[in-house]
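Numbering (our numbering), first residue to last: 12 to 206.
Every residue, glycine too, gets a C-beta built ideally from N, C-alpha and C.
Take a look at the structure set out below.
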Amino acid sequence: MTLDFGTSGPTARGRHRTPPAVGRKGSCGPTSTGVAGGPGGYHRGMPELKERVPAVEGWFTTGDRPALLGSRCTACGTYFFPRESGFCRNPACTGREFDEVELSRRGRIWSFTDNRFKPPPPYVSPDPFVPYTIAAVELATERIVVLGQLVEGVDPSTLRAGTEVELVLGTLYSDDEREYLVWKWQPVDTGERGR
Numbered sequence: 012m013t014l015d016f017g018t019s020g021p022t023a024r025g026r027h028r029t030p031p032a033v034g035r036k037g038s039c040g041p042t043s044t045g046v047a048g049g050p051g052g053y054h055r056g057m058p059e060l061k062e063r064v065p066a067v068e069g070w071f072t073t074g075d076r077p078a079l080l081g082s083r084c085t086a087c088g089t090y091f092f093p094r095e096s097g098f099c100r101n102p103a104c105t106g107r108e109f110d111e112v113e114l115s116r117r118g119r120i121w122s123f124t125d126n127r128f129k130p131p132p133p134y135v136s137p138d139p140f141v142p143y144t145i146a147a148v149e150l151a152t153e154r155i156v157v158l159g160q161l162v163e164g165v166d167p168s169t170l171r172a173g174t175e176v177e178l179v180l181g182t183l184y185s186d187d188e189r190e191y192l193v194w195k196w197q198p199v200d201t202g203e204r205g206r
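The following block contains the structure:
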């Protein structure tokens, strides 16, 4: 028995039907209307291209060199993340004006832990839950500490306070149309890990 690759998807029919040519209804490539499996859609075997958007709008950039977006008090130079717009949180300053700045992409782990319990909503966890590592990272220039997940696959037993990390983007979750991004920390391979 073979599969029929008609516009309604593969079905067992006892015969083989060749997939239609690219650009026609039910084809393996895009055409005009964007309906999956029909005109403008993609054959079920093709990966879908989802729009990549920040899970939290305005907290980081999404270009080739992503960066956290913070603010710097124009009166005292203190940095903040997330951005501040009301008043300077430095107790020695009365400033109320801020510049938006891209924060350092690199820093050093100040503290870390592995999370083995599923966070409550509104956090979106995979099902089944997969443990992950969280790190408090002191940014290189600003000297402020920012929390974030480490990229998948980092063994927490190989980390040490002082390990250098770099900001990258990773997927928090996705739906049918979008992939929602967050910042994550990735250890910088300097040959010092595991010492």
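Reduced DSSP category for residue i - H, G, I as helix; E, B as strand; rest coil
{"i": "proline 198", "result": "strand"}
{"i": "proline 137", "result": "coil"}
{"i": "lysine 36", "result": "For lysine 36, the predicted model reports a pLDDT of 35, less than 50, meaning its position is unreliable; a value from the coordinates is still stated below. Of the three classes helix, strand and coil, the one that applies to lysine 36 here is coil, per DSSP."}
{"i": "serine 212", "result": "The structure shown does not extend to residue 212, since the chain is modelled only from 12 through 206, so no value can be given for it."}
{"i": "threonine 144", "result": "strand"}
{"i": "proline 167", "result": "helix"}
{"i": "glutamate 111", "result": "strand"}
{"i": "phenylalanine 91", "result": "strand"}
Extent of the continuous beta strand (DSSP E) to which residue i belongs
{"i": "cysteine 84", "result": "80-84"}
{"i": "asparagine 126", "result": "117-126"}
{"i": "glycine 159", "result": "156-161"}
{"i": "proline 132", "result": "Here proline 132 belongs to no beta strand (DSSP E), and DSSP marks it neither H nor E."}
{"i": "valine 64", "result": "62-65"}
Residue j beta carbon less than 9 Å from that of residue i
{"i": "leucine 150", "j": "glycine 106", "result": "no"}
{"i": "threonine 144", "j": "leucine 170", "result": "yes"}
{"i": "alanine 86", "j": "tryptophan 121", "result": "no"}
{"i": "leucine 60", "j": "phenylalanine 71", "result": "no"}
{"i": "glutamate 190", "j": "arginine 63", "result": "yes"}
{"i": "arginine 83", "j": "phenylalanine 109", "result": "yes"}
### Message
Between the stretch 156-169 and the stretch 180-198, can you find at least three pairs of beta-carbon atoms closer than 8 Å?
### Response
yes
### Message
Assess contact between the stretch 167-178 and the stretch 113-128, defined as three or more Cβ pairs (one per stretch) separated by less than 8 Å. Is contact present?
### Response
When C-beta atoms of the stretch 167-178 are compared with those of the stretch 113-128, three or more pairs fall below 8 Å, so the two segments count as touching.
### Task
Inspect the CB distances between the stretch 81-100 and the stretch 128-137 and report whether three or more fall short of 8 Å.
no
### Query
Is the stretch 134-147 close to the stretch 98-105, with three or more CB pairs under 8 Å?
No, they do not touch.
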